[in-house]
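Below is one structure; the comments refer to it alone.
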Amino acid sequence: MLHLINQSPLQHGTLDSCLRFIEPEDSILLIEDGVYGASPHTPCREALELASRSIKLYALEADLSARGLNKPLLPCITLVSYAEFVELSASHDTVQSWL
Numbered sequence: 029m030l031h032l033i034n035q036s037p038l039q040h041g042t043l044d045s046c047l048r049f050i051e052p053e054d055s056i057l058l059i060e061d062g063v064y065g066a067s068p069h070t071p072c073r074e075a076l077e078l079a080s081r082s083i084k085l086y087a088l089e090a091d092l093s094a095r096g097l098n099k100p101l102l103p104c105i106t107l108v109s110y111a112e113f114v115e116l117s118a119s120h121d122t123v124q125s126w127l
């Protein structure tokens, strides 16, 4: 399953909630304000690093750029383009948007 997170972990508990329900082989894609979760200062840092042992973590590069977020990012996060976002969506049986 591909989980889409579009809310900042600094203001919402969406990413925390998602991390409680993920299963091995799932993926999380941070989009829109969710990309703040890719920062090394995110309150979810330890949980993301632990989750990265069994799932894949991505952040939409265009949304990071739009918010002025540059490196350093969490090393467990892979940056993706819009085209790769489409590929990720197509490669997963289910896409869950967390609101």
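Residue numbers (the numbering used here): 29 to 127.
C-beta: ideal position from N, C-alpha, C; glycine also.
query                                                                                                  : result
T42, DSSP secondary structure in three states                                                          : helix
C-beta contact flag for N98 and I59 at 7 Å                                                             : no
Separation of S125 from L92, as counted between CA atoms                                               : 19 Å
CA-to-CA distance, F49 to H69, given in whole angstroms                                                : 23 Å
Continuous beta strand (DSSP E) assignments of at least 3 residues falling wholly in the segment 30-94 : 30-33, 55-58 and 84-88
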